[in-house]
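Inspection log for the structure reproduced underneath, given as structure tokens.
2 protein chains.
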Amino acid sequence: MVERRKPIKVGEAVERTMQYAISGDVRSISIEEAYGHFLGEDLVADHDVPLFNRSPYDGFAIRSEDTKAASRENPLPLKVVGEIGAGSVFSETVRENQAVRIMTGAQIPDGCDAVVMLELTKEVQIDGETHVRIKRSFQSGDNISYKGEDVKKLDVLAVKGTFINPGVVALLATFGYKHVPVSQKPTVGIIATGSELLKIDEPLQPGKIRNSNAYMIHAQIKRAGATPIYLGQFSDDFSTCYQQVHDALEKVDFLITTGGVSVGDYDYLPDIYKKLGANVLFNKIGMRPGSVTTIAELDGKLLFGLSGNPSACYVGFELFTRPVIRTFLHCSNPYLKFEKAILGANFPKPNPFDRFVRAHLGYEGGRLVATPTGLDKSSAVSSLALSNILLYLPGGTRGYEKGMEVDVVLLEDQEGTTNFK
Amino acid sequence: MVERRKPIKVGEAVERTMQYAISGDVRSISIEEAYGHFLGEDLVADHDVPLFNRSPYDGFAIRSEDTKAASRENPLPLKVVGEIGAGSVFSETVRENQAVRIMTGAQIPDGCDAVVMLELTKEVQIDGETHVRIKRSFQSGDNISYKGEDVKKLDVLAVKGTFINPGVVALLATFGYKHVPVSQKPTVGIIATGSELLKIDEPLQPGKIRNSNAYMIHAQIKRAGATPIYLGQFSDDFSTCYQQVHDALEKVDFLITTGGVSVGDYDYLPDIYKKLGANVLFNKIGMRPGSVTTIAELDGKLLFGLSGNPSACYVGFELFTRPVIRTFLHCSNPYLKFEKAILGANFPKPNPFDRFVRAHLGYEGGRLVATPTGLDKSSAVSSLALSNILLYLPGGTRGYEKGMEVDVVLLEDQEGTTNFK
Chain A
1 MVERRKPIKV
11 GEAVERTMQY
21 AISGDVRSIS
31 IEEAYGHFLG
41 EDLVADHDVP
51 LFNRSPYDGF
61 AIRSEDTKAA
71 SRENPLPLKV
81 VGEIGAGSVF
91 SETVRENQAV
101 RIMTGAQIPD
111 GCDAVVMLEL
121 TKEVQIDGET
131 HVRIKRSFQS
141 GDNISYKGED
151 VKKLDVLAVK
161 GTFINPGVVA
171 LLATFGYKHV
181 PVSQKPTVGI
191 IATGSELLKI
201 DEPLQPGKIR
211 NSNAYMIHAQ
221 IKRAGATPIY
231 LGQFSDDFST
241 CYQQVHDALE
251 KVDFLITTGG
261 VSVGDYDYLP
271 DIYKKLGANV
281 LFNKIGMRPG
291 SVTTIAELDG
301 KLLFGLSGNP
311 SACYVGFELF
321 TRPVIRTFLH
331 CSNPYLKFEK
341 AILGANFPKP
351 NPFDRFVRAH
361 LGYEGGRLVA
371 TPTGLDKSSA
381 VSSLALSNIL
391 LYLPGGTRGY
401 EKGMEVDVVL
411 LEDQEGTTNF
421 K
Chain B
422 MVERRKPIKV
432 GEAVERTMQY
442 AISGDVRSIS
452 IEEAYGHFLG
462 EDLVADHDVP
472 LFNRSPYDGF
482 AIRSEDTKAA
492 SRENPLPLKV
502 VGEIGAGSVF
512 SETVRENQAV
522 RIMTGAQIPD
532 GCDAVVMLEL
542 TKEVQIDGET
552 HVRIKRSFQS
562 GDNISYKGED
572 VKKLDVLAVK
582 GTFINPGVVA
592 LLATFGYKHV
602 PVSQKPTVGI
612 IATGSELLKI
622 DEPLQPGKIR
632 NSNAYMIHAQ
642 IKRAGATPIY
652 LGQFSDDFST
662 CYQQVHDALE
672 KVDFLITTGG
682 VSVGDYDYLP
692 DIYKKLGANV
702 LFNKIGMRPG
712 SVTTIAELDG
722 KLLFGLSGNP
732 SACYVGFELF
742 TRPVIRTFLH
752 CSNPYLKFEK
762 AILGANFPKP
772 NPFDRFVRAH
782 LGYEGGRLVA
792 TPTGLDKSSA
802 VSSLALSNIL
812 LYLPGGTRGY
822 EKGMEVDVVL
832 LEDQEGTTNF
842 K
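Next up, the structure:
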């Protein structure tokens with residue numbers, strides 16, 4: 001007897017899944033390792049930046065009032081009373097008609113309130129003493145980077161859950177984080193199912209295909225920010241399969257299976273969920289590909305039963321598993337962004353179901369253009385290499401035409417958003 | 422005596438640098454490690470995909486001619502003569518008014534030319550034998566994924582130098598690449614200069630700042646696809662510094678120094694280049710920030726003398742070092758993409774020099790919008806965390822206003838392009 005499943009909306013499926021999303025632990029790593037991790041705590045400034053008034057240029061620190069009468073016709077000489085390398089400090093106070101040679105980044109000496117760029121000056125000797133000739137007047141504050149103008153002490157510069165990019169690393173270094181609190185990456189197990197699957201290095205055989213989903217998901221898990229563990233392929237025997245899932249759950253934060261969730265006679269997952277006593281959140285979604293995506297929960301631990309079709313597997317991971325991973329990483333924006341784009345090709349055939357089509361995002365004259373990559377079949381693999389978005393085509397009675405505005409899901413964006421669509 | 426340097430255009434500076442860009446070696450790694458590397462060779466299909474005509478659905482394989490007269494009013498029974506699990510093969514030829522139960526992905530048996538989805542059928546017993554009732558007619562080819570429709574044998578599916586994303590991993594697995602030829606990542610050394618620099622865990626001191634550039638560049642090198650080695654900070658003594666650079670060149674494919682290239686009295690790099698006998702390609706660029714960026718070459722090995730200002734350092738790396746790294750990785754698109762965007766804020770002050778301003782790329786109604794992040798000063802660090810583009814503002818006599826179309830450089834794009842701008 002064939003089980004009749006009732007499809008739910010994709011948004012509802014995401015919502016049911018996210019009810020079981022939890023945050024993980026925080027650990028400390030060295031700053032050299034931090035790129036590509038996620039902040040486990042807010043990054044807070046421990047001091048003002050700049051910490052002191054400093055010179056943004058090589059030049060001379062001066063008192064602006066001494067330059068009031070200076071002009072090209074009437075250059076005024078100021079006596080050079082010292083020099084300040086970056087990192088050193090001038091200990092005296094600069095007095096009337098005096099100047100101090102100053103390097104980029106060095107602290108402005110007491111008494112001075114402006115900097116003249118080196119290129120605008122000329123050094124001259126007067127009575128055996130070095131002077132610098134100024135050819136125009138300056139205002140108080142000219143060419144000074146003020147204490148705290150960039151960052152104020154206790155400013156939150158990046159919130160926890162932020163992807164650590166090179167700019168975040170610069171901030172971490174500036175504020176003394178030799179060790180960085182980062183979110184512990186969740187461990188995500190992968191079990192591939194399907195008696196048609198050959199191992200990657202097995203020779204091809206009639207009726208069989210090589211297992212590509214497991215490796216694809218392995219990479220998607222890394223892109224999402226988690227740690228994959230490939231636990232191998234299912235055997236053909238139900239009780240062995242059951243034991244594999246049961247044992248895997250002990251080792252991982254989440255478990256992904258690929259294949260075996262359909263209504264075919266060799267699809268063991270539904271019975272495994274039953275025997276485990278897992279709570280099946282849904283087993284049919286009104287979307288293509290991936291309608292048979294099944295997600296279950298056992299003692300709060302999520303089991304993602306992704307479809308065995310490569311594109312369905314790909315889409316199911318990005319829509320359901322990724323936001324759970326990002327929540328584990330403390331991201332307050334765990335969902336992929338939906339944006340508007342111009343459709344770059346025709347999709348004339350209407351489809352009653354919401355579709356998510358692998359596509360390539362390009363730009364033309366400042367607009368986003370989404371072009372489907374390769375065949376629109378859930379078995380297609382050639383399209384995946386170029387895909388950096390999913391085209392979202394709501395189901396309905398009409399097709400889509402090139403030039404129409406459509407929604408796209410950004411797969412390579414690190415910012416995310418707070419809500420699904 | 423202050424050296425007067427003649428600025429060159431940024432495009433010319435990139436061109437002079439890229440004359441010394443070379444490709445690196447290729448090595449083999451396991452497919453599990455491949456994500457985030459770059460293909461060292463073209464990825465070529467070793468077989469058609471699908472390898473055989475297969476079923477995209479669970480259902481029944483049939484002969485379409487048997488269904489010509491089938492309708493809702495006149496459902497026709499076909500005798501079920503067997504079943505094919507995914508991965509197994511039906512050994513006989515299917516004859517008139519016969520059908521075979523078939524699983525998703527399984528090979529279409531001889532004699533059949535269409536598949537009926539399971540949901541559209543009903544099994545019935547007739548004279549003690551299982552039949553499936555078909556309620557409409559089918560065309561030859563309905564619901565069949567044909568051999569080679571996705572990929573043809575010998576198709577190049579991704580060229581060498583391609584960033585290995587999850588879709589590329591799926592292709593590698595499909596075509597049996599248990600080991601993947603990847604581009605050897607270049608080793609890029611970093612030496613930080615500046616007597617104002619504190620180590621990351623030193624307490625703050627008057628006139629000094631923590632060394633953030635070295636760690637920022639460390640992360641930028643990783644983002645670009647190379648392997649960073651931090652070689653420490655310069656001492657204050659010229660001959661020790663010279664020896665540090667000399668020794669570093671033995672260990673790395675390229676060397677980056679931060680700071681020390683200006684015309685300040687403590688800027689040692691120009692003299693070190695001279696003493697090494699290095700060929701200085703340029704030491705002044707008509708751009709802000711980073712005008713003092715200096716690039717030299719010694720026996721074909723590039724020395725990147727980046728500015729000590731954080732943003733100038735950041736920009737200099739992305740414009741000059743990144744395309745050299747990508748060339749080493751065999752990318753035929755080593756340059757960052759320039760795209761059009763709408764300016765999200767005013768830049769009223771004109772500047773005679775071409776500017777590259779750290780900015781954030783967002784999307785509004787399908788258009789790219791570029792908003793500067795934080796202060797437009799080359800010393801600003803707070804802006805860097807949000808930056809995912811550089812705003813390119815050509816120098817001239819007028820400022821820029823919110824809403825104008827501008828060029829932006831995409832920093833997080835993996836596709837790149839063949840030419841600078």
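Chains as they are written, first to last, in the numbering used here: chain A, 1 to 421; chain B, 422 to 842.
For glycine and all other residues, C-beta sits at the position ideal for the given N, C-alpha and C.
Given the structure is predicted, the values throughout are model-derived calculations rather than measurements.
Note the first and the last residue of the continuous beta strand (DSSP E) segment covering residue i.
i	result
B:S451	447-451
B:Y567	Counting along the chain, B:Y567 falls outside any beta strand (DSSP E), and DSSP gives it neither H nor E.
A:T130	129-134
A:M404	Looking at the DSSP string, A:M404 is not in any beta strand (DSSP E), and its letter there is neither H nor E.
A:H360	354-364
B:K761	759-764
B:G653	648-654
Counting along the chain, where does the alpha helix (DSSP H) carrying residue i start and finish?
i	result
B:S732	731-737
B:P587	587-595
B:Y636	634-645
A:K251	238-251
B:E436	431-439
A:I22	Taken as a continuous stretch (DSSP letters only), A:I22 belongs to no alpha helix (DSSP H), as it is neither H nor E.
A:F328	322-328
B:I693	690-697
Bridge partners for residue i per DSSP, in chain order?
i	result
B:P602	B:S449
A:I84	A:I102
A:R4	A:R4 pairs with nothing; no bridge assigned.
B:I612	B:T678
B:T839	Bridge partners of B:T839: none, in fact.
B:Y813	B:F777, B:D828
Are the beta-carbon atoms belonging to residue i and residue j less than 9 angstroms from one another?
i	j	result
A:F254	B:G628	no
A:V280	A:I295	yes
B:V373	B:V501	Summary: the structure shown does not reach residue 373 of chain B, with chain B confined to residues 422 through 842, and so no result is reported for it.
B:H639	B:F459	no
B:Q605	B:V736	no
B:I844	B:V589	The structure shown does not extend to residue 844 of chain B, since chain B spans only 422 to 842, so no value can be given for it.
B:G824	B:L764	yes
B:L690	B:G681	yes
A:G59	A:L118	yes
Along chain A, which residues have their Cβ under 9 angstroms away from the Cβ of residue i?
i	result
B:T678	Result: empty, since nearest Cβ-Cβ is about 15 angstroms, beyond 9 angstroms.
Quick one: list the residues of chain B neighbouring residue i, beta-carbon separation under 9 angstroms, in chain order.
i	result
A:F347	What A:F347 touches in chain B: nothing, since even the nearest Cβ is about 18 angstroms away.
A:R210	A594, T595, F596, G597
A:L298	Chain B residues near A:L298: none, gap ~26 angstroms exceeds 9 angstroms.
Quick check on residue i - is its C-beta less than 9 angstroms from some C-beta in chain A?
i	result
B:D658	no
B:D463	no
B:G837	no
B:K823	no
B:F559	no
B:Y756	no
B:F841	no
B:E833	yes
So with Cβ pairs under 9 angstroms, would you call residue i a contact of chain B?
i	result
A:V2	For A:V2, the pLDDT reaches just 48, beneath the cut-off of 50, and the residue's location in the model is therefore unreliable, leaving the point undetermined.
A:L120	no
A:D271	no
A:L171	yes
A:G36	yes
A:H330	no
What residues of chain B sit near residue i, judged by a beta carbon separation below 8 angstroms?
i	result
A:I342	G787
A:I200	I452, A594, G597, Y598, K599
For the ligand GDP, any of its heavy atoms closer than 8 angstroms to the Cβ of residue i?
i	result
B:T714	No copy of the ligand GDP appears in this structure; indeed no ligand is present at all.
Against residue i, what residues of chain A qualify as contacts under a CB-to-CB distance less than 8 angstroms, listed in chain order?
i	result
B:N564	Per Cβ cutoff of 8 angstroms: no residues; B:N564 is ~11 angstroms from chain A at best.
B:T514	Result: empty, since nearest Cβ-Cβ is about 15 angstroms, beyond 8 angstroms.
B:M637	P166, G167, V169, A170, A173
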